[in-house]
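Chemist: Taking the UniProt record's numbering, the leading residue of the sequence shown gets 1, the next gets one more, and so forth.
Every residue gets a Cβ at the ideal spot worked out from N, C-alpha and C, and that includes glycine.
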Amino acid sequence: MWNSQSFYGKLLDGWEKSETRNGVPYYINHKSERTQWDHPFLSKTLEELAEFDDVRYAAYRTAIKLRFLQKRLKLDLITLPMISRAFDDHGWSSSQDSVITCGELETVIMDIFYKTRRGKPGSLTIEQSTEILLNWLLNMYDIHRTGYVRVISAKIAMVALCSARLAEKYRYLFSQLSDYDNTISRKRLGLFLHDLLQVAELLNECLPFGGMAAIGAAIDSCFSMSRSTTGVEEFSFLDWMLLEPQTLVWLPTMHRMAAAESVKHESKCNICKEYPIIGFRYRCLKCFNYDLCQQCFLTGRVAKKHKLTHPIEEYCLATTSKEDTKAFVKTVRNNLSKRHHKKYKPRYLPIRGDGQPMEEDFTDAVPEADADMHQLLQSAARKLAQAETQAPPRQSSKMLQTDMATGPKQQVTPPKMYNIVPNEQRRELDSIIHHLEDEN
Numbered sequence: 001m002w003n004s005q006s007f008y009g010k011l012l013d014g015w016e017k018s019e020t021r022n023g024v025p026y027y028i029n030h031k032s033e034r035t036q037w038d039h040p041f042l043s044k045t046l047e048e049l050a051e052f053d054d055v056r057y058a059a060y061r062t063a064i065k066l067r068f069l070q071k072r073l074k075l076d077l078i079t080l081p082m083i084s085r086a087f088d089d090h091g092w093s094s095s096q097d098s099v100i101t102c103g104e105l106e107t108v109i110m111d112i113f114y115k116t117r118r119g120k121p122g123s124l125t126i127e128q129s130t131e132i133l134l135n136w137l138l139n140m141y142d143i144h145r146t147g148y149v150r151v152i153s154a155k156i157a158m159v160a161l162c163s164a165r166l167a168e169k170y171r172y173l174f175s176q177l178s179d180y181d182n183t184i185s186r187k188r189l190g191l192f193l194h195d196l197l198q199v200a201e202l203l204n205e206c207l208p209f210g211g212m213a214a215i216g217a218a219i220d221s222c223f224s225m226s227r228s229t230t231g232v233e234e235f236s237f238l239d240w241m242l243l244e245p246q247t248l249v250w251l252p253t254m255h256r257m258a259a260a261e262s263v264k265h266e267s268k269c270n271i272c273k274e275y276p277i278i279g280f281r282y283r284c285l286k287c288f289n290y291d292l293c294q295q296c297f298l299t300g301r302v303a304k305k306h307k308l309t310h311p312i313e314e315y316c317l318a319t320t321s322k323e324d325t326k327a328f329v330k331t332v333r334n335n336l337s338k339r340h341h342k343k344y345k346p347r348y349l350p351i352r353g354d355g356q357p358m359e360e361d362f363t364d365a366v367p368e369a370d371a372d373m374h375q376l377l378q379s380a381a382r383k384l385a386q387a388e389t390q391a392p393p394r395q396s397s398k399m400l401q402t403d404m405a406t407g408p409k410q411q412v413t414p415p416k417m418y419n420i421v422p423n424e425q426r427r428e429l430d431s432i433i434h435h436l437e438d439e440n
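1) For my contact list, proline 245 and alanine 213 are in at a C-beta cut-off of 8 Å; report their separation, rounded to the angstrom.
2) Roughly how many angstroms separate the alpha carbons of leucine 285 and glutamate 16, rounded to a whole number?
3) Among the residues of its own chain, which have a CB less than 6 Å from the CB of leucine 161, if the five just before and after it don't count?
4) My output table needs one value for aspartate 291: the three-state DSSP class, helix, strand or coil.
5) Spatial neighbours of cysteine 269 within its chain, please: CB distance less than 8 Å, with the 5 preceding and 5 following residues excluded, ordered by chain position.
6) What would DSSP say about histidine 255, mapped onto helix, strand or coil?
7) Excluding sequence positions up to five away, which residues of its chain have a Cβ less than 6 Å from the Cβ of proline 393?
8) The alpha helix (DSSP H) with glutamate 106 in it runs from where to where?
9) Per DSSP, tyrosine 148 is paired with what?
10) Using the beta-carbon count (16 or more within 10 Å), is tyrosine 315 buried or exposed?
11) Can you tell which of Lys169, Cys272, Ser262 has the C-alpha that lies nearest to the C-alpha of leucine 242?
12) Can you give the Cα-Cα distance for residue 505 and asparagine 334, rounded to whole angstroms?
13) Taking the runs of the alpha helix (DSSP H) that are 4 residues or longer, which of them lie wholly in the stretch 124 to 168?
14) Should alanine 58 go down as buried or exposed, given a rule of 16 or more other Cβ atoms within 10 Å for buried?
15) Pull the bridge partners of lysine 17 from the DSSP assignment, please.
16) With a 10 Å radius around its C-beta and 16 neighbouring C-beta atoms as the bar for buried, classify aspartate 54 as buried or exposed.
17) Please report the distance separating the alpha-carbon of serine 175 from that of glycine 231.
18) Given a threshold of 16 other Cβ atoms within 10 Å of its Cβ, counted over all protein chains shown, does isoleucine 143 qualify as buried or as exposed?
19) Going by beta carbon distance, what residues of the same chain come within less than 6 Å of tryptophan 240, once the five residues before and after it are set aside?
20) Could you say which of Ser94, Arg56, Thr45, Phe113 lies nearest to leucine 77 if we only look at CA atoms?
21) Give, in chain order, every unbroken run of the beta strand (DSSP E) that is at least 3 residues long and sits entirely within the UniProt domain "ZZ-type" (264 to 320).
22) Quick check on proline 208: does DSSP put it in helix, strand or coil?
23) Which one of Tyr172, Thr107, Ile132 has the shortest CA to CA distance from aspartate 89?
24) Mind checking which residues open and close the beta strand (DSSP E) that includes threonine 247?
25) From arginine 150 to alanine 259, what distance separates their C-alpha atoms?
26) Where does histidine 30 land, buried or exposed, given buried means 16+ other C-beta within 10 angstroms?
27) Counting only the same chain and skipping the five closest in sequence on each side, list residues whose C-beta sits under 8 Å from that of residue 471.
28) Let me confirm a value: threonine 183 is counted as buried when at least 16 other C-beta atoms fall within 10 Å, else exposed. Which label applies?
29) With C-beta atoms as the reference, is leucine 12 less than 9 Å away from phenylalanine 41?
30) Compute the Euclidean distance between the alpha carbons of threonine 35 and glycine 190, then round it to the nearest angstrom.
31) Once DSSP output is grouped into helix, strand and coil, what is the label at valine 329?
In structure tokens:
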């Protein structure tokens, strides 16, 4: 519906585009005699984001909204080289302190969409896509509609949501932010964080990550990894960003969601009974054979004896037999161990200071024996680079906890799971069970 030209035409019925003396577009509805800065299509898109407000966890809620917005803005079709070349071709390669007029920015965006459509015919309408993307940028970086935007601000927002690997985005952003000595100063790092947080702020999702007040603490966190006190080197900046600092954890989460959204898992959701599970798959490491789909997990639904405090493992790609075995071993350990639960290191990099810890992190409480759960949860992030460079798999992944390639879904009980474990891993499992029995 959103890609339908007839729907787009109905949405714009009664609206007329006009411009201020500074060349800033605004929209007039002659039927209701109303004037507004927002493009009607962008207004409708932002209204639609409310349907994701029932997602309990801030990072996922923000990531889902961003992915939705990314597709509406057609940024998922735009590559990083396209953005870089377009700004360079129009004389904006060096952009740290430069400002660009609204008209000049519109020309750059139109050039990007022209080259995008040339490679993907029929994927977009250049004029309407340009208007909507420009309106989005103005809503973040020129709220008073002066007609000017910092070039680096536009680059940051467009690069954040374009189609590219995370590491490639971070390297490009470093090249745009660094000074003559190839480091980023505290001031420029602060401006970068402020500009990037505007993306979440427009969605009303900035506060869960500490808000703008956490920028100072985030700068300190980044500089703590640098050997220099005057600037952050490239490797330190990349390392810090890839650790997923709390302030920006929603961005890598969006990348994981994009990598997982077409993946099929040969598992059945224990709550809504969806089969196969599509997107993220979540496995409880306390309950045997307990899987959740993305929708049920993110909205906090439970069934049977499962609780929200149980340790959970996330999969954005199909699991291997080794991963299934490890998960089963940990489930056995969690059920046999008498050790108390405690908080452990979160999957993101906490930012200490003015900002508060991120709300409702789903990894709050796990058994002490599973302190290394953090590494398992991070396996999804480690697979992300591979997922971003591959097309979504055409076939379903292997059936959970079995080696069956075809046939109807069957629930596998713990004894059956034990029987399919390879001999070497079975001996390891026996050793763990005996050790835990002695413990208890």
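Modeler: If we stick to the structure as given:
1) The C-beta distance from proline 245 to alanine 213 rounds to 15 Å, too long to meet the 8 Å contact threshold.
2) Near 56 Å, if we compare the C-alpha coordinates of glutamate 16 and leucine 285.
3) These residues qualify, in order along the chain: Gln70, Leu75.
4) In this structure, DSSP gives aspartate 291 an extended state, which the three-state scheme calls strand.
5) Excluding the 5 residues flanking it on each side, cysteine 269 has same chain C-beta neighbours closer than 8 Å at Tyr275, Ile277, Asp291, Leu292, Cys293, Cys296, in chain order.
6) Helix at histidine 255.
7) Here the model assigns proline 393 a pLDDT of 37, short of 50, so the residue's position is not dependable, and the following value carries that caveat. Excluding sequence neighbours, proline 393 sits near nothing in its chain.
8) Following the DSSP letters along the chain, one finds glutamate 106 inside the alpha helix (DSSP H) bounded by residues 102 to 119.
9) Thr101.
10) A buried status is given to tyrosine 315, since no fewer than 16 other beta-carbon atoms sit within 10 Å of its beta-carbon.
11) Of the candidates Lys169, Cys272, Ser262, Lys169 places its Cα closest to the Cα of leucine 242.
12) Shown here, the chain extends from 1 to 440; a query on residue 505 therefore has no answer.
13) Counting whole runs of 4 or more residues, the stretch 124 to 168 contains the alpha helix (DSSP H) stretches 126 to 141, 151 to 161.
14) Burial of alanine 58 is indicated by the presence of at least 16 other C-beta atoms within 10 angstroms of its C-beta.
15) BP columns for lysine 17 point to Tyr27.
16) It counts as exposed.
17) About 14 Å.
18) Classification for isoleucine 143: exposed.
19) In its chain, beyond the 5 residues on either side, Cys222, Met225 have a beta carbon closer than 6 Å to the beta carbon of tryptophan 240.
20) The shortest Cα separation from leucine 77 among Ser94, Arg56, Thr45, Phe113 belongs to Phe113.
21) Whole beta strand (DSSP E) segments, 3+ residues: 281 to 284, 291 to 293, 312 to 315.
22) Helix at proline 208.
23) Aspartate 89 has its Cα closest to that of Thr107, out of Tyr172, Thr107, Ile132.
24) For threonine 247, there is no enclosing beta strand (DSSP E), as DSSP marks it with neither H nor E.
25) One C-alpha to the other measures close to 31 Å.
26) It counts as exposed.
27) Since the first residue shown for the chain is 1 and the last is 440, residue 471 is missing from the structure and cannot be characterised.
28) Burial call: buried.
29) In this structure, phenylalanine 41 lies closer than 9 Å to leucine 12 by Cβ.
30) In this structure, the CA atom of threonine 35 is about 35 Å from the CA atom of glycine 190.
31) In the three-state reduction of the DSSP assignment, valine 329 falls in the helix class.
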